[in-house]
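Numbering (my numbering), first residue to last: 1024 to 1185.
1. Where residue 1089 and residue 1149 are concerned, what is the direct C-alpha to C-alpha distance, given to the nearest angstrom?
2. In or out: residue 1163 buried (at least 16 other Cβ within 10 Å) or exposed?
3. Assuming contact is defined by CB atoms lying nearer than 8 angstroms, are residue 1076 and residue 1091 in contact in what I supplied?
4. Give the DSSP-derived three-state secondary structure of residue 1157 in the structure shown.
5. Measure from the alpha carbon of residue 1171 to the alpha carbon of each residue in 1183, 1159 and 1140, then state which is nearest.
6. Which of helix, strand or coil does DSSP assign to residue 1114?
7. Count the other CB atoms, across all protein chains shown, that sit within 10 Å of the CB of residue 1135; report buried if there are 16 or more and exposed otherwise.
8. Hey, how far is the Cα of residue 1060 from the Cα of residue 1143?
9. Can you tell which of 1145, 1156, 1154 and 1137 has its C-alpha closest to the C-alpha of residue 1177?
10. Which value, in whole angstroms, describes the spacing of the CA atoms of residue 1097 and residue 1180?
11. Do you know how far the Cα of residue 1151 is from the Cα of residue 1128?
12. In angstroms, rounded to a whole number, what distance separates the CA positions of residue 1126 and residue 1084?
Okay, here's the thing in structure tokens:
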């Protein structure tokens, strides 16, 4: 809705399909319809109209309210700073970075970079200090995680430069 304006759940699902977001975010038709109703109950979106064409089911057209925009900004701030792991929450905020304050998003990316460097250092320490006690398969997995973090650092740098 941030990109498309007034939309039905069906239209939003089509946007997800067209952009192949299924690789990034798990969403079902039922969950989208349910969550739109919940957002409407909370005043974060509002029903604009109900459209019925021929014998097709009614489509409920929603738009984001000012309160919904504020909530969106708060969620972006919360999830873009999540540093447990690079999770879908951060990927989701990145999908909508063009709708968020660029300075705040870059600050969030900087936090991600700092935390990722810390994780790499921790992995290096464990691999050095516990070399004799870690099974080869675990070392391989840890090196894979480390490589993933290094790749993310490169990606974060690209995000900062955009």
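We put the beta carbon where it would ideally sit given N, CA and C, even for glycine.
By the coordinates alone:
1. Just so you know, the alpha carbons of residue 1089 and residue 1149 end up roughly 48 angstroms apart.
2. Looking at its Cβ environment, which holds fewer than 16 other Cβ atoms inside 10 Å, residue 1163 is exposed.
3. In this structure, residue 1076 lies away from residue 1091, with their beta-carbon atoms at least 8 angstroms apart.
4. Coil, per DSSP.
5. Of the listed residues, the one whose Cα sits closest to residue 1171 is 1140.
6. Collapsing the DSSP output to three states places residue 1114 in a helix.
7. By the 10 Å Cβ count, residue 1135 comes out buried.
8. Across the structure, residue 1060 and residue 1143 are spaced so that their CA atoms are roughly 42 angstroms apart.
9. Among 1145, 1156, 1154 and 1137, the Cα nearest to that of residue 1177 belongs to 1137.
10. Going by the C-alpha atoms only, they are around 24 angstroms apart.
11. If you take the alpha carbons of residue 1128 and residue 1151, they lie about 35 angstroms apart.
12. So the alpha carbons of these two residues sit roughly 32 angstroms apart.
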